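Going by this note's numbering, the first residue of the first sequence is number 3, and it counts up by one from there.
Encoded as structure tokens, the structure appears first; notes follow it.
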Amino acid sequence: MNRRVRVRFAPSPTGALHIGGVRTALYNYLFARHHGGDFILRIEDTDSQRFVPGAEAYIMEGLKWCGIKIDEGIEEGGPHAPYRQSERKEIYLKYAQDLVASGNAYYAFDSAESLDALRKEYEQRGETFAYNFSVRTKLQTSLNLSADEVKSRIERGDVWVIRFMMPENRNVEMDDIIRGHITINSSTLDDKVLYKSADQLPTYHLANIVDDHLMEISHVIRGEEWLPSLPLHYLLYEAFGWKDSQPQFAHLPLLLKPQGQGKLSKRDGDKFGFPVFPLLWKAPTGETAMGYREEGYYPEAFINMLALLGWNPGTEQEIFSMDELIDAFSLEKVSKSGARFSHDKAKWFNAQYLRRQNDSDLALQIIPILKEQLGIDVSVERAEKVAALLKERATFPKDLVELSRYMFIAPAEYDEKSVNKFWKPENVEKLKELRDLLSSQKDITTATETMVHEWVQQKEYSMGQLMNTLRISILGISQGPSIFAIAEFIGKEETLRRIDTAIAKL
RNA sequence: GCUCGAUUCGUCUAACGGUUAGGACGAGAGAUUCUCAUUCUCUAAAUAGGAGUUCGAUUCUCCUAUCGAGUACCA
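As structure tokens, then:
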């Protein structure tokens, strides 16, 4: 069947979107774009209890920051609006009732308490309670009660749910693009709730099938945690008579916690020392968790890193632009096993992207940080020089600010280790000579280095000893790029002043 | 417990049933350098275990082990 590719990312607004969710969205997006199809954002807010204010806006902002563009969604609109399930609530009841009418579902009047009690009872007997063929005709269901009784209970406002009537002992045959063929016997499954009268809302299972059908979704790409629900979903398509237009499924491997075990969860916040969220998250409770954006990651680097976590094109290419990802992506190349996220690798990707920035862009990025961190105003030209000089040594733009600190501010202290190593009387004597030599120059530039080099050789001094002594006097530490480049940057006067200060102080 | 899924260097991964099992991050060593970082070179590092099928299994089948997911009137 050749139909338009339409995929959806369907998060529930119960908190910030963690990187696992971002990756699911990304793979959906890449798949859609690769096939020239549509990427739809649908908000699955059918759990009135767990709704978190701000989560929905966060999800949209997060996707936007990542460069994932939505074709149809709650802000973008589209032919199947609304895209928020809470605003579609009227449509689901009819479908649930259709299933009752066709004999695929039934009403159940059990209270949550009585079910809890049943579960406990079974547990005490060492059994597991399952709401399925074995009990549904014994409990308070429309299969057991007379039609009149059911009708009057509903009319008098008793609380009810509609449950799917899971067939007994049927092998459900399923296909997953990533995992291949899967078979499961329906007797191991239970009668899932499809619709609840209490809040007049469907559960995920009903809503997602109905909406995917109505929205003409061609491929469902979602996390592996949904795999156990797949037979139910297959059976629902069948019960509705929608087999012909049923989407294809692909279940993505999970993202694992960096240490310990289990899948990454939004509750993991930033307790591992790195963000699990794309953006800073401020929960209504006041809790906050850091985000990749705020940490200084480039969205392109973040996406590049995430794309390769569970997918690989089979080549040795590591750096991919979004367009290259779109071009190379295929679900068949998604791996089956869960992936553990590596912070080191994320940083490496960011460093790669930082180097690829051109100096003027980088300058613009660091000027505000320079202002904020060091309280100094720097011209674009000066900032460009800093960028050019230091970008190979940085992971984040903010690193450039820290690395360039002593290019703007004279050191107030001198690193003890470096001083112990190089600040020796004989070196200081030579430094004084060098100071006089420098002061005799018109100005100090990187070209001065050659001259100094020759002078050092002539005098038979040690370049390493002298240069580091000079470096300490200027920067306070034996680190950083070419000392002559730095001297050129701060200028002759400042260079001499710092040498004098160091000689006086140390 | 039950059901389903997964298992290649520490981590992310590659390998029509035939390769000295490749790459990347990280680690270690060396080279370069005025220092640090970069860069470059090199090194260590893996097919969970056991049976099959096959001329030949990382690759296919089964068993075991381990890990994970699901098992809600949550998604």
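Yeah, the Cβ is synthetic: ideal placement off N, Cα and C, and Gly gets one too.
What you are looking at is a predicted structure, and each value in this text was computed from that prediction instead of being measured.
**Message:** Alpha carbons only, please: which of G56, L364, R44 is nearest the one belonging to G17?
**Reply:** G56
**Item:** Distance, I61 Cα to Y85 Cα
**Value:** 14 Å
**Message:** Cutting at 8 Å between CB atoms, please list the residues of its own chain near L472, excluding the five before and the five after it.
**Reply:** Hits under 8 Å: L433, L436, I485, I501.
**Prompt:** What's the gap between the Cα of Q99 and the Cα of E129?
**Reply:** 32 Å
**Prompt:** By a C-beta neighbour count over all protein chains shown, 10 Å radius and 16 as the cutoff for buried, is I21 buried or exposed?
**Reply:** buried
**Asked** So, helix, strand or coil for L141, using DSSP?
**Response** coil
**Item:** Other residues of its chain near Q408: CB distance less than 7 Å, five sequence neighbours each side excluded
**Value:** As written in the sequence, residue 408 is Tyr, which differs from the Gln given in the question. Only L477, G478 meet the Cβ criterion.
**Prompt:** Exposed or buried, T317, counting other C-beta atoms within 10 Å across all chains shown (16 or more means buried)?
**Reply:** exposed
**Request:** Taking P255 and G312 to be in contact with their CB atoms under 8 Å, please state how far apart those CB atoms are, rounded to whole angstroms.
**Result:** 5 Å
**Asked** Whose C-alpha, out of Q459, I474, A489, T397, is nearest the C-alpha of I440?
**Response** Sequence check: residue 440 is Leu here, not Ile. Checking every option, the nearest Cα to that of L440 belongs to A489.
**Asked** Pick from A107, W67, E218: whose alpha carbon is nearest that of T143?
**Response** A107
**Item:** For G182, the first and last residue of its enclosing beta strand (DSSP E)
**Value:** 182-187
**Prompt:** If we call anything under 9 Å between Cβ atoms a contact, is F11 one with H221?
**Reply:** no
**Of the listed residues Y31, A59, V7, nearest to K284 (C-alpha basis)** = Out of Y31, A59, V7, A59 has the C-alpha closest to the C-alpha of K284.
**Asked** So, are the CB atoms of S185 and K194 less than 9 Å apart?
**Response** It should be noted that the sequence gives Thr, not Ser, for residue 185. In this structure, K194 does not lie closer than 9 Å to T185 by Cβ.
**Asked** Is L19 buried or exposed, if buried means 16 or more other CB atoms sit within 10 Å of its CB?
**Response** buried
**Request:** Check V458 in the structure and name its three-state DSSP category.
**Result:** In the displayed model, V458 falls within a helix according to three-state DSSP.
**Request:** Look up K265 in the DSSP assignment and give the residues it is bridged to.
**Result:** L258
**Short Cβ contact (9 Å threshold) for A385 with A365** = yes
**Message:** For P233, which residues in the same chain have their Cβ closer than 7 Å to its Cβ, ignoring the five residues on either side in sequence?
**Reply:** V174, M176, I186, S188, L191
**Request:** Report the three-state DSSP secondary structure of W283 (helix, strand or coil).
**Result:** In the three-state DSSP reduction, W283 falls in the strand class (E or B).
**Outcome for A414 when other beta-carbon atoms lying within 10 angstroms are tallied against a minimum of 16** = exposed
**Prompt:** If you run the structure through DSSP and keep just helix, strand and coil, what is P427?
**Reply:** helix
**Asked** Which value, in whole angstroms, describes the spacing of the CA atoms of N475 and V430?
**Response** The question names Asn, but residue 475 is Ser in the sequence shown. Straight across, the Cα-Cα distance linking S475 with V430 is about 10 Å.
**Request:** Put P230 into one of helix, strand or coil per three-state DSSP.
**Result:** helix
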